[in-house]
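A.B. asks: Next up is a structure, given as structure tokens.
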Amino acid sequence: LWQNDRNYAVHIIHRWPDDALKVSTAKPTVRPGVWQHVFVTYDGSGKAEGVKIYIDGEAQPLKTEVNALKNTIRTATPTRIGQRSHVQVFHEGSVQDVRIYERLLRPAEIQTLAKVGPLREMLASAKRGPKQVDALFAHYLATRHQGWIAADKTHKALEAEQAAIKNRSPMTHVQEEKMDSQPMANILMRGQYDQVGEQVPAEVP
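Going from the sequence shown to the numbering used here is simple: count from 1 and add 333.
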């Protein structure tokens, strides 16, 4: 994760640029002078579509710049915070509370992490509106209800399996002849394609 001008970008690399992923926020999201909760998830699919960027708990529209990862991203290079290299240093802001999770977090969990301060205020308040109640309930489900957590984990696994099947299988259009009538088409009038002309039966060319 790095700041690319006024956008946030993510590189996942084996070898740049022919064996790597790069996605960035589709519009400027860096807000100078304001603390932001920035969170990135990656589902391990090797596809740019598997990368998500969240700002203050909200998923951001992304643009894909490189989508060519084919090999492992395991590396012996140490993790750096606040710099990409000895010459590329993040000097325009501050970094606080860096966390790395060993699993793919759910959107509800990410929202909870981003809004933990407001949630504490809601818990302390004797008067809560419907939105506050919904936010607290979502937090409870995502972090405490073991049945919901297990079901959500199963759901994520099925989604990943479905995506893998789609990625490895070509889409095929299947048609079947109408059984109760002869195959036919209509001539469309030039420049007036909503006007149906005479019928043309199926024949050998």
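Cβ atoms here follow ideal geometry from the backbone N, Cα and C, with glycine treated the same way.
Kindly indicate which residue of E509, W349 and A392 has the alpha-carbon position closest to the one of K403.
C.D. replies: K403 has its Cα closest to that of W349, out of E509, W349 and A392.
A.B. asks: Mind checking which residues open and close the beta strand (DSSP E) that includes M455?
C.D. replies: Segment V449 to A457 is the alpha helix (DSSP H) holding M455; no beta strand (DSSP E) there.
A.B. asks: Would Q444 be called buried (16 or more neighbouring beta carbons within 10 Å of its own) or exposed?
C.D. replies: So Q444 ends up on the buried side.
A.B. asks: Buried or exposed for K464, going by 16 or more other Cβ atoms inside 10 Å?
C.D. replies: K464 is exposed by the Cβ-count criterion.
A.B. asks: Could you tell me which of R364, A535 and N400 sits nearest to H347, measuring between CA atoms?
C.D. replies: The residue with the shortest Cα to Cα distance from H347 is N400.
A.B. asks: Do the region 361–374 and the region 410–417 make contact, defined as three or more Cβ pairs closer than 8 Å?
C.D. replies: Taking 8 Å as the limit for Cβ pairs, the verdict is that the region 410–417 does not touch the region 361–374.
A.B. asks: Ordered along the chain, which non-local residues of its own chain (more than five positions away) have a Cβ less than 8 Å from that of A392?
C.D. replies: Once the five neighbours on either side are set aside, the close Cβ partners of A392 are K385, I386 and P440.
A.B. asks: Three-state secondary structure (DSSP) at T405?
C.D. replies: Three-state result, T405: coil.
A.B. asks: Suppose the cutoff is 7 Å on Cβ atoms and the five residues either side in sequence are ignored; what does the same chain contact list for V428 look like?
C.D. replies: Cβ neighbours of V428 beyond the five flanking positions: I414 and G415.
A.B. asks: Which of the three DSSP states is assigned to K511 in this structure?
C.D. replies: In this structure, K511 counts as coil in the three-state DSSP scheme.
A.B. asks: Measuring only the C-alpha atoms, how far is V343 from L334?
C.D. replies: Cα-Cα distance, rounded: 5 Å.
A.B. asks: What do you get for A518, buried or exposed, if any count of 16 or more other CB atoms within 10 angstroms of its CB means buried?
C.D. replies: When all chains shown are included, A518 counts as exposed.
A.B. asks: List the DSSP bridge partners of A392.
C.D. replies: Y387, per the DSSP bridge assignment.
A.B. asks: Over the uninterrupted alpha helix (DSSP H) stretch that includes K460, give me the two end residues.
C.D. replies: Unbroken run through K460: none, as it is neither H nor E.
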